[in-house]
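Chains as they are written, first to last, in the numbering used here: chain A, 1 to 684; chain R, 685 to 997. Have a look at the structure below, then the notes.
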Amino acid sequence: MWRRASQGVATTSAATPQGDNQPEKMAVVALAGSPNVGKSAVFNLLTGLSQHVGNWPGKTVERKTGTCRHDGKTLEIVDLPGTYSLTANSVEEQLARDYLIKEQPDVVAAILSAANLERNLYLLAELLELPSPVVVGLNMMDVAESQGLRVEADVLQAALGVPVVPMVATRGQGLRELLDAVDRVVAGSFPSRAKRPDLGKQLEELIGQVEQPIGSDAPAPYPRHWLALKLLEGDREVTDLVRAHLPEERWKEIEALLRRHEDAVVAIASARYDWIERMVRAALTRPRVGAISLTERLDRAATHLYAGPAILLGLLGLIFWLTYRVATPLVEVLDAGVGAGADLLRATLGDAPPWLVGLLADGILGGVGATLALLPILVVFFLAMGFLEDVGYVARAAFVADRFMHRMGLHGKSFLPLFLGFGCNVPAVLGTRIVDSERARLLTILLAPLVPCTARLAVLMFFTGALFGSSAPLVAWGLVACSLVALGLSGALLNRLLFRGDRPAFIMELPLYHLPDWRTVGLVVWQRLLAFVVRAGTVILLVSVVVWALATLPGGEIEGSYLAELGRFLAPLGALMGLDWRMMVALLTSFVAKENTIATLAILTGSQEETLAAALPQMLSATAAVAFLVTQMLFVPCVATVAAIRQETRSWRWTGFSLVYLSALAFAAGIAVYQAAGLLRLGV
Amino acid sequence: MASQQSEDYLEAIDRLEERGELVTTSALARERGVSAPSVTEMLRRLSEQGLVAYEQRKGVSLTAEGRRLAASVVRRHRLWERFLHDVLGLRWDRVDDEACKLEHATSPEVERRLARALGNVDTCPHGHAIPGAGPETSRESTVPLSELEPARLARIVSVREGEAELLRRLGSLGIRPGAIVRVEDEGDPADSLVLRVANRRQSLERDLASHVAAKPLSPEEAKAEADGPVSISDLVPGEAGVVRELLAGRTFVARCLALGFTPGTQVRMIQNPGHGPVIVLVRDTRVALGRGEAQKIRVVRVVRKEEADVEAS
């Protein structure tokens, strides 16, 4: 129930009462907040499995929405991208504010961290400039307490004039109260009205001066005061918008004002922080100086000049170890299951035409098996990444990585998407959006496919497991290292050749360490896994079938198939690497999905995966196997990654460049390894 | 509990003492804005209560009990001034009068809550120490601005409250506690000074300047100030600096500002190995900065308090 009547008549109504006339309309609540405030935990708790993960229109930034039942009403929750401010410096900031201005949600729930109250209130100061009423969820009260900070929510509420609800989202505390506050604001029964942050007389006068030439011609949903403010802050998007909207001479007037007050951006930020200091004055009690926090102690090691990189590498090693220990046995169980399924299928379909049995048992089930075999590995990787991200370590990894990343013209921030690349190259390419500079982003995108993704690693592990016995982890580790060296060299080379000079700004918050919220980690794992299965379920299956068809048609024999012809055509190139046409075909089909290498070989050799493992040592010498794996690791990424590259670069030229560069690199490296080994008389 | 009137007198005596003036009947009459005979009458009553001692030559002084009561009322007064100024946003020339009314009606519990709500404050908006809130600023180390040697850098410690006109004038010149000033030269008319405050030359009448207490900077502080801004990356771990300016790049400046690097903000270096990125603490947040970025944020070194004090003594 909306509790509008019982709360008494509001003297100064905070919001226009809604829902009375249209009881059907679902109230929309936008979740806003900076990164590292536990906003996703709040979103996950509110929406659970009702959430829908998509993209913002025309953008590659994740858009999460969901619904939530509260007191018999359904609320629609929109999770805005995490931002520190609302000036269009990044796509996230632009998306968040466009949504707030154009869609005007019924309530904005600003999730702030009590542990970084001042800095978090900066975003609130910006939110209060916009038309939607605001409710503050003061999250991480426990973290603040552990830092020795005492924050009194009711005092803050009195100062701000908006509801302030203390929360510990990771323990599920405060969510009901947050929704109650949302209800009250939607119903217009919250008694006080938020004041726009007072920026001081001088600035307000200046804003008034800028507002004047805009007059009544402010472009549609934009509040005039806000436009003036953003013009003074030098916001490019707003500048272009207003310039396009106003008659020439009035724009000239504004331009002259802006030129005279070029440093207004600093004055405005300072004024906001002055306002914030007044607001937190009564609500925040600071700790005694001298206490050393857990974060400080952990960071002494995690960001240490020498210990930091060691810890980073150690953690990566631990993830690999976990994959071998936990995931590999599961993969074997799944493989056996798929094998048994294929046998069962053959037995039941005894009388069916041979092509149908082949299609089902080899084409389809082979593809399904290849997909399933990857799931345990993905779970381990996603869990590990989610865990490191949630406890706050990933930012330290970026800090540690900056030392060597900047040699490639990249900054530590690029490390994050590249790091994600170990899970899958697609999120790595999409994740490059956090890199501020366009050029560094492009470079990161071009380098991302060189990070061995889970699928490549799975192939790598399958081959090394089949061919190198007990030294498999060592060979695998060496090949991963080889990929990373290729990545480093490519970075330095491409940076030198293509974008000499420009370096992106490396400025990044190091969040306080905190206990992971397993629900958030779990949901992230689930979503990523689901996305993978959906993709794998379609693409991999399709490719399995197509490859089976190519390998079967026209005559029914693999040796005479179209695929074999293509493979034989490429055989001279393969010979330089010690590879026969089947290996070349396997490599080619990896373009559609990396894990297809195994599925293809399984089909081409007419075996299941476990029998393939047994058959491999007869097919490949150790040297040829290494050459193949080197090529496989550096070869063009899967088609999904290529699509992501096209989407992010918005250019077929760069996408094409990426494909050509990676193919050349892969074949050159493969040939070099095989020929060098031959010259040195290594291997068989 | 002393009456409101007694509290006002005790406060006035304390204020005169703090300024280093001889507390006479006439000085008190001037301070309180009443006639000399009523002051005499009141002093007699306070003396009977054992709160003040009066000697013809030495003037009025507070007894131990009187001093305790005076400190209590001064504390309430200055806490209220802080609250009115910081939380309610009243101008600094308005808070004295308002606090005078509130101080008497403040129960010990409200006083406690007020102090807690304000956090770690140790002075009123005019720079006077709040009794019981921190170390007293020793008057010996400060000099009236009117007597500051030319060319010597000094930090404003406090300004005399009570005269709204004076406070408005000083405020408009940027003369507030914490501001760094230098006497450029004796003014053209001999009764005024030319000061450099916040990089602007200002002229101030000598008699107004005598109401401002300043503390000359220690050689380290003066050096940090004279060196002007340095890059954040020049700070060593543990060292602090106050942000002065942000160089270059609209996007970068906007990002810095949103993260709290606004001019006047104190930042502390946490980790700086001499190459590669650094970690600084700004507004309770640890922020990693690439070296190039750290070079674009210019700060003035803050000389650690104990060092400055050792230097000064």
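Even glycine gets a Cβ: it sits at the ideal position worked out from N, Cα and C. Note that the coordinates shown come from a computational prediction; the quantities given were computed from them, not determined experimentally.
query: Would DSSP call I840 of chain R helix, strand or coil?; result: strand
query: Here's the rule: buried if 16 or more other CB atoms are within 10 angstroms of the residue's CB, otherwise exposed. What is S856 of chain R?; result: exposed
query: Pull the bridge partners of Y306 of chain A from the DSSP assignment, please.; result: BP columns for Y306 of chain A are empty, so no partner.
query: I need the DSSP call for A676 of chain A, collapsed to helix, strand or coil.; result: helix
query: Could you check how far apart the C-beta atoms of A835 of chain R and R866 of chain R are, in whole angstroms? I think they sit under 8 Å.; result: 7 Å
query: Comparing the C-beta of Y513 of chain A with each C-beta of chain R, is any distance below 8 Å?; result: no
query: To the nearest angstrom, how far is the alpha carbon of V242 of chain A from that of P223 of chain A?; result: 12 Å
query: Am I right that V78 of chain A and L31 of chain A are in contact with their C-beta atoms under 8 Å? What's the rounded C-beta distance?; result: 7 Å
query: Going along chain A in order, which residues have a C-beta closer than 8 Å to the C-beta of D1034 of chain R?; result: In the structure displayed, chain R extends from 685 to 997; residue 1034 of chain R sits before or after that span and is not available.
query: If we ignore side chains and look at the alpha-carbon of each, how far apart do S719 of chain R and A110 of chain A end up?; result: 59 Å
query: Relative to the C-alpha of L851 of chain R, which candidate in R:R759, R:K742, R:P903 and R:L774 has its C-alpha closest?; result: R:L774
query: Please name the residues in the region 395-419 of chain A whose beta-carbon is closer than 8 Å to at least one beta-carbon of chain R, in chain order.; result: A395, A398, F399, D402, R403, H406, H411 and G412
query: Can you tell which of R:I859, R:S842 and R:D869 has the C-alpha that lies nearest to the C-alpha of R762 of chain R?; result: R:S842
query: Strictly by DSSP, which residues pair up with N139 of chain A?; result: A:S113
query: Anything in the region 749-778 of chain R with a Cβ closer than 7 Å to a Cβ of chain A? List those residues in chain order, please.; result: D770, V771 and G773
query: How many Å lie between P637 of chain A and V480 of chain A at the Cα?; result: 15 Å
query: Please state if the CB of L931 of chain R and the CB of G925 of chain R are separated by a distance shorter than 8 Å.; result: no
query: Rounded to whole angstroms, how far is the Cβ of V983 of chain R from the Cβ of R928 of chain R, which I believe are closer than 8 Å?; result: 6 Å
query: Where V794 of chain R and G137 of chain A are concerned, what is the direct C-alpha to C-alpha distance, given to the nearest angstrom?; result: 28 Å
query: Excluding the 5 residues preceding and the 5 following I254 of chain A in the sequence, name in chain order all residues of the same chain whose CB lies nearer than 8 Å to its CB.; result: V210, P213, I214, L231, V242 and L246
query: So that I know if they touch, is there some Cβ in chain A lying closer than 8 Å to that of P665 of chain R?; result: Outside the modelled stretch of chain R, which goes from 685 to 997, sits residue 665 of chain R, for which no answer is possible.
query: Residues of the region 95-118 of chain A in Cβ contact with chain R at a cutoff of 8 Å, in chain order, please.; result: A115, N116, L117 and E118
query: What is the residue span of the beta strand (DSSP E) that M726 of chain R lies within?; result: Segment A720 to E732 is the alpha helix (DSSP H) holding M726 of chain R; no beta strand (DSSP E) there.
query: Measure the alpha-carbon distance for P35 of chain A versus H959 of chain R and round it to whole angstroms.; result: 27 Å
query: With three or more beta-carbon pairs closer than 8 Å as the criterion, would you say the region 619-630 of chain A touches the region 654-674 of chain A?; result: yes
query: Which bits of chain A does T969 of chain R rub up against, with CB to CB less than 7 Å?; result: N116, R119 and E509
query: Starting from the N-terminal side, write out each stretch of the alpha helix (DSSP H) that is 4 residues or longer and does not extend beyond the region 223-265 of chain A.; result: 224-232, 236-245 and 248-260
query: Identify each residue in the region 930-948 of chain R for which the Cβ-Cβ distance to at least one residue of chain A is less than 8 Å, and report them in chain order.; result: L930, G933, R934, T935, F936, V937, A938, R939, C940, L941, A942, L943, G944, T946, P947 and G948
query: According to DSSP, is N21 of chain A part of a helix, a strand, or is it coil?; result: The predicted model places N21 of chain A with a pLDDT of 46, which falls under 50 and marks its position as unreliable, so this point remains unresolved.
query: Any idea which residues DSSP pairs D79 of chain A with across the strands?; result: A:L31 and A:K64
query: Apply the 10 Å Cβ neighbour rule to N21 of chain A and answer buried if 16 or more other Cβ atoms are within range, or exposed otherwise.; result: A caution first: N21 of chain A carries a pLDDT of 46, below 50, which makes its placement in the model too unreliable to give a value.
query: Residues of chain A with a CB under 8 Å from the CB of E977 of chain R: which are they?; result: A505, F506 and I507
query: Do A696 of chain R and L706 of chain R have their CB atoms nearer than 8 Å?; result: no
query: Below 8 Å on C-beta distance, what does L467 of chain A contact in chain R?; result: Here the premise fails: no neighbours, minimum Cβ distance about 40 Å.
query: DSSP beta-bridge partners for G976 of chain R?; result: Beta-bridge pairing links G976 of chain R to no other residue.
query: Comparing the C-beta of G234 of chain A with each C-beta of chain R, is any distance below 8 Å?; result: yes
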